[in-house]
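Residue numbers (this note's numbering), protein chains in the order written: chain Y, 3 to 174; chain X, 3 to 174.
Heads up, the beta-carbon is just placed ideally off N, CA and C, and yes, glycines get one too.
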């Protein structure tokens with residue numbers, strides 16, 4: 003077992019001044035490290051037996067689709083505004099600076115399907131909690147969240163539904 | 003064996019007027035269909051034994067990371083301008099309307115690593131050929147391309163390096 007934090011690069015002032023960005027791309031380059039980093043999220047799959055794994059655009063796609071394909075579970079994308087073709091439902095939400103919108107194809111979720119949501123990073127929880135509301139609005143059953151990194155000092159967990167299982171691999 | 007084209011939705015006038023967009027998201031929802039759709043690309047991995055699988059942002063991430071994680075091969079993202087933190091190299095290229103830029107983290111590719119490039123769609127080949135040049139510029143060895151869908155009437159293959167293996171799952 004290596005210390006996964008050694009595979010997270012810190013980049014100052016990205017994407018804007020004052021933010022120290024955690025780059026997890028080095029994890030994906032090394033299949034053994036990647037496997038180790040996925041353990042908490044693989045465990046989430048075992049404990050929740052989801053029908054669908056939803057990934058949040060675009061870094062969440064990397065983890066969610068890997069997990070879904072290997073475990074033979076369906077994958078659905080949750081995307082930013084205007085990226086999904088056809089019929090979508092969406093929710094606007096506020097960010098620290100400005101606002102954003104997440105969308106999903108409602109036909110991708112059968113009524114009461116058990117869904118887990120995957121993203122690379124849990125920070126303030128605004129994106130993840132909006133994604134959860136979107137699954138509920140599409141009549142899916144939200145049963146869990148999985149993240150590769152959690153910035154625990156930002157208290158993102160408190161914004162998420164306390165009744166679902168939340169797993170993070172690397173906690174700061 | 004089902005006809006995979008039954009799982010591709012056609013959306014008129016997306017993302018702009020006159021374009022019929024092929025939505026392959028229905029494939030990912032069904033793990034057995036997804037597996038069948040990946041056969042050609044899984045075969046590319048067997049035939050080329052890559053060290054790294056590069057996915058093009060953002061729909062290419064879905065396929066590339068799934069393939070990489072399951073086969074225990076490293077994954078690297080090729081992203082649009084300004085999305086990768088830290089040191090990057092990039093190439094600008096022309097699209098039918100306007101221009102775009104792809105970037106990669108040069109440290110993600112060890113010299114002479116064997117790399118395959120994965121994207122969801124091969125259309126005119128502009129994006130894929132630029133991604134190939136980027137791998138070469140980063141001193142990787144480009145050995146293959148894999149796509150889920152190829153629009154053969156747009157002749158994208160002719161823009162790609164003829165010395166590398168090119169595989170597509172669903173050909174129109």
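Chain-ordered chain X contacts of residue 31 of chain Y [CB-CB under 8 Å]: 54, 76, 77, 78, 110
Cβ shell of residue 134 of chain Y (< 7 Å), same chain only, five flanking positions each side left out: 119, 144, 162, 163
Any C-beta of chain X under 9 Å from that of residue 67 of chain Y: yes
Nearest candidate by alpha-carbon position, reference residue 80 of chain Y, set Y/20, Y/129, Y/50, Y/124: Y/129
Proximity test, residue 4 of chain X beta-carbon vs the ligand FMN heavy atom, cut-off 8 Å: The model on display carries no ligand, and the ligand FMN is accordingly not part of it.
Residue 92 of chain X at chain Y interface by Cβ criterion, 9 Å: no
Residue 146 of chain X - partner residues in DSSP beta bridges: X/118, X/167
N- and C-terminal bounds of the beta strand (DSSP E) containing residue 11 of chain Y: 11 to 14
Stretch pair the segment 85 to 103 of chain Y + the segment 12 to 24 of chain X: three plus CB contacts closer than 8 Å: yes
Residue 13 of chain X: contacting residues in chain Y (beta-carbon distance under 9 Å): 87, 88
Contacts around residue 38 of chain X, its chain only, beta-carbon distance under 8 Å, and the 5 residues preceding and following it disregarded: 3, 4, 6
Ordered list of alpha helix (DSSP H) runs contained in the segment 46 to 108 of chain Y, each at least 4 residues: 61 to 73
Per-residue burial, residue 17 of chain X [other beta carbons within 10 Å of its own, 16 or more giving buried]: exposed
Per-residue contacts from residue 113 of chain Y into chain X (C-beta, under 7 Å): Ordered by position in chain X, no residue passes the 7 Å Cβ test against residue 113 of chain Y, which lies about 14 Å from the chain.
Environment of residue 138 of chain X [buried if 16+ CB atoms lie within 10 Å]: exposed
Burial state of residue 165 of chain Y (16 or more Cβ within 10 Å): exposed
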